[in-house]
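What follows is one structure encoded as structure tokens, with my remarks underneath.
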Amino acid sequence: MIVGIVFKIFGASYLVERSFMASLGIANILLTYFIAAKMYDKRTGLLAAFFLGLSTIAIATSRAFWLDNPMIFLNLLVFATILSRSRYSPLISGVFQGLAVLTKLPSLFLLPASIYLIFRYSKDRWHSILKFLLAFTIILSILPIYALVTGGFEDFLVWNFWQASRMASFASARVDLLDLITTSVAFDPLTLMIGALGFFYCIYKREWFLPIWFLSWGMFIIFSPISGFGSG
Numbered sequence: 074m075i076v077g078i079v080f081k082i083f084g085a086s087y088l089v090e091r092s093f094m095a096s097l098g099i100a101n102i103l104l105t106y107f108i109a110a111k112m113y114d115k116r117t118g119l120l121a122a123f124f125l126g127l128s129t130i131a132i133a134t135s136r137a138f139w140l141d142n143p144m145i146f147l148n149l150l151v152f153a154t155i156l157s158r159s160r161y162s163p164l165i166s167g168v169f170q171g172l173a174v175l176t177k178l179p180s181l182f183l184l185p186a187s188i189y190l191i192f193r194y195s196k197d198r199w200h201s202i203l204k205f206l207l208a209f210t211i212i213l214s215i216l217p218i219y220a221l222v223t224g225g226f227e228d229f230l231v232w233n234f235w236q237a238s239r240m241a242s243f244a245s246a247r248v249d250l251l252d253l254i255t256t257s258v259a260f261d262p263l264t265l266m267i268g269a270l271g272f273f274y275c276i277y278k279r280e281w282f283l284p285i286w287f288l289s290w291g292m293f294i295i296f297s298p299i300s301g302f303g304s305g
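Under the numbering used here, the letters of the sequence shown match residues 74 to 305, in that order.
Written out as structure tokens, the structure reads:
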């Protein structure tokens, strides 16, 4: 959706495509700093932004026209909005979460991390979670309502049935996790090493946001063939 809006405003061209993705890559680094600084301190924020800037995966998604980059951007916006702790944070973050899922389906796997952040940083925890889920549901309903109004609801149902069939087929297939881990380490060893250290350190400190986030991304990686990771 966000890509379509950009192309509608600026036109679909190679320059617009590359400039847009590069801008999102820079924005992701800035958002990472903000999130880490809010949760911990400014030094941690600088380190997180620095290592993200060195990440092979982050560089690759910022250079290619993949939907992964806007998906990551929107999910980081969700976390940053929650941490801003404004009056409207639950509603605005719910809107961003819905847009993230509409951009690419694996964003669903990050819902637990978003809800955990709201639970931890909001004064009125359950009320804020309900507002977040309400905004999320409303935004998520835009696509089927649009399909119904424009006469494309049957195609919408066929597409979703096909996606569900792929998910069922993939879930019943054997996944070579060792090969998946080996490939990931070879592609971006620095990010994997730092991520693993951070994961176990947070468990030791009983800080659960990062482990929940990592486990959610683990589900994304396992099920990424369903949504076509790295494809537009």
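By construction, the Cβ of each residue, glycine as well, lies at the ideal position given by its N, Cα and C atoms.
For the putative contact between residue i and residue j, defined by C-beta atoms under 8 angstroms, what is the C-beta separation to the nearest angstrom?
i, j, result
"Thr-105", "Leu-125", "5 angstroms"
"Ile-102", "Ala-122", "5 angstroms"
Along the chain, where does the alpha helix (DSSP H) containing residue i start, and where does it finish?
i, result
"Gly-126", "115 to 127"
"Pro-217", "215 to 222"
"Leu-149", "141 to 157"
"Leu-183", "Here Leu-183 belongs to no alpha helix (DSSP H), and DSSP marks it neither H nor E."
"Phe-107", "87 to 112"
"Phe-138", "Where Phe-138 is concerned, there is no enclosing alpha helix (DSSP H), given that its DSSP letter is neither H nor E."
"Gly-225", "Premise fails: Gly-225 is in no alpha helix (DSSP H) and is neither H nor E."
"Ser-166", "162 to 176"
"Lys-309", "Since the first residue of the chain shown is 74 and the last is 305, residue 309 is not available in this structure."
Cutting at 8 angstroms between CB atoms, please list the residues of its own chain near residue i, excluding the five before and the five after it.
i, result
"Leu-263", "Phe-124, Leu-127, Ser-128, Thr-129"
"Leu-213", "Gly-171, Val-174, Leu-175"
"Lys-204", "Pro-163, Leu-164, Gly-167"
"Phe-260", "Thr-129, Ile-130"
"Thr-256", "none"
Tell me whether the beta-carbon of residue i lies closer than 8 angstroms to the beta-carbon of residue j.
i, j, result
"Leu-147", "Phe-169", "yes"
"Ser-166", "Ser-187", "yes"
"Leu-175", "Leu-216", "yes"
"Lys-111", "Leu-156", "yes"
"Phe-272", "Phe-287", "yes"
"Gly-171", "Ala-208", "yes"
"Ile-218", "Phe-152", "no"
"Tyr-189", "Ile-285", "yes"
By Cβ distance, which residues of its chain are closer than 7 angstroms to residue i, with the 5 residues on each side in sequence left out?
i, result
"Tyr-87", "none"
"Leu-206", "Gly-167"
"Phe-83", "Val-89"
"Leu-119", "Tyr-106"
So, for residue i: in the same chain, excluding its five sequence neighbours on each side, which residues have a beta-carbon less than 6 angstroms away from its beta-carbon?
i, result
"Leu-184", "none"
"Ser-201", "Pro-163, Ile-191, Ser-195"
"Val-258", "Leu-265"
"Phe-226", "Ala-220"
"Arg-198", "Phe-192"
"Val-231", "none"
"Gly-303", "Legend: pLDDT at Gly-303 = 42, less than 50; position of this residue unreliable, value from coordinates given subsequently. These residues qualify, in order along the chain: Trp-139."
"Thr-210", "none"
"Ser-92", "none"
Using 8 angstroms as the Cβ pair cut-off and three pairs as the minimum, do the stretch 89 to 106 and the stretch 131 to 139 touch? They touch, by the three-pair rule.
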